[in-house]
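Structure, as C-alpha cells:
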Amino acid sequence: MLVDYHIHALGHRGGDYSEEILVEYFSVARRQGIEEIGFTEHDNYLSGLAPEAIAAAARRFPYLQARLGLEVSYRPEREKEIRDFTNKFSFDYLIGSVHHIGEWMFDHPACISGYASWDISELYQAYFSLVEKMVRSGLFDVVGHLDLVKVFDYRPSGDVLTYAQGALKAIVDAGMAVEVNTAGLFRPCKEIYPARELLVRCYDLNIPVTLGSDAHEPEQVGREFGLAREILYQVGYRKLTRFANRQQIYEYL
Ligand SMILES: [Zn+2]
Ligand SMILES: [Zn+2]
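Residue numbering for the sequence shown follows the working numbering, beginning at 263 and increasing consecutively.
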C-alpha cells in the first residue's frame, strides 16, 4: 500500500480549503496508485483548514482514504503555542519539521547567503540538536525531512550519522516515525530525505517510516514514489506506517 502523507494543498498561497482545490490532489493520487493521502499544511495556514471540505472531496473517491495532518515548524520557543493550536483540530498526525536555526530559515532560497557565516559541521550539529529537541518535546508523530540541512548540498566533514545519532536515539525513545520525503530529489542536494545511510540506521533501530512527496501542487503528489519504494525495499523495510487519530497503523509496502 502506498500513502502520500505530506501534501500542501494550499501550497505557499494560503487561502481556504475547498472541495475544488482538494479534488485535484485526490485525482493525481488515484492516478499514481496511492491509497491514502494526508493533507499537511504549514501551520501558518491553520485557519484555512476545513475538514468538511476534505470529507466532501473524499466522497468522490471511494477507494482513497484521506487524513488530516499538519506540518509544524518547530522552534523551541514555540512549544506552548504549538500545544495550544494543535489542540484545536482532531489531527490524525502531526509532522514536526525544523526549518529555522534561530531566526534563519535555512531551507529558503532567499536565505542561502546565511551559509557563508557557518562552519558546516557546526551547522549540522546545531540542526540535529534542534531535531532532537523537537522529538523530545513529545508534540509530534512524524519527523519531517530528517536531514533537511543538506538541502543546498552543503556537506559536513565526516559521516552524517555522527551528527544525527542523538536525534535518532530520541526518535527511538519517543516511538516516532520518520518520513521518506521525495522532495529532496528536486532540490540542489538531489537526494531523498533522509539519505540512505540514515535510513539504514533507522531500519536497524526499528524506527517506523511513512512516505511523503511534500507536494505544493497537485501534479507533485506521489512524485518519485517508485524510487522511494525501491530504496525502502533495499534497506529492508516491508511496512509503512499510517495514522488515524494519532495512532500508528502498519501496512505492507
Ligand atoms: Zn518542511
Ligand atoms: Zn512540507
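Where is the CB? At the ideal position from N, CA and C, for every residue including glycine.
- For glycine 484, the closest of Asp421, Glu282, Val413 and Arg292 by C-alpha to C-alpha distance is Arg292.
- Residues lining ligand 2 by the Cβ criterion, that is a Cβ closer than 5 Å to any of its heavy atoms, are Glu333 and Asp476 in chain order.
- In this structure, DSSP gives leucine 330 an extended state, which the three-state scheme calls strand.
- Per DSSP, alanine 439 lies in no alpha helix (DSSP H) segment; the continuous beta strand (DSSP E) that holds it begins and ends at 439-443.
- For arginine 508, the CB contacts under 8 Å within the same chain, skipping 5 residues up- and downstream, are Phe353, Asp354, Tyr355, Leu356 and Asp403 in chain order.
- Remark: C-beta atoms of valine 413 and glycine 364 do not approach each other more closely than 8 Å.
- Look at glycine 300 here: in three-state DSSP terms it is strand.
- Ligand 1 has a heavy atom closer than 7 Å to the beta-carbon of serine 359.
- If you draw a straight line from the Cα of glutamate 282 to the Cα of alanine 319, it is about 8 Å long.
- For isoleucine 433, the enclosing alpha helix (DSSP H) starts and ends at 422-436.
- Restricting attention to Leu460, Glu343 and Asp415, the CA atom closest to the CA of isoleucine 374 is found in Asp415.
- Going by DSSP, phenylalanine 347 is part of the alpha helix (DSSP H) stretching over 341-348.
- The nearest non-hydrogen atom of ligand 1 is less than 7 Å from the C-beta of histidine 407.
- Separation of the CB atoms of glutamate 513 and leucine 473 is rounded to 11 Å, and the pair is thereby denied contact status at 8 Å.
- For leucine 356, the enclosing beta strand (DSSP E) has its first and last residue at 355-359.
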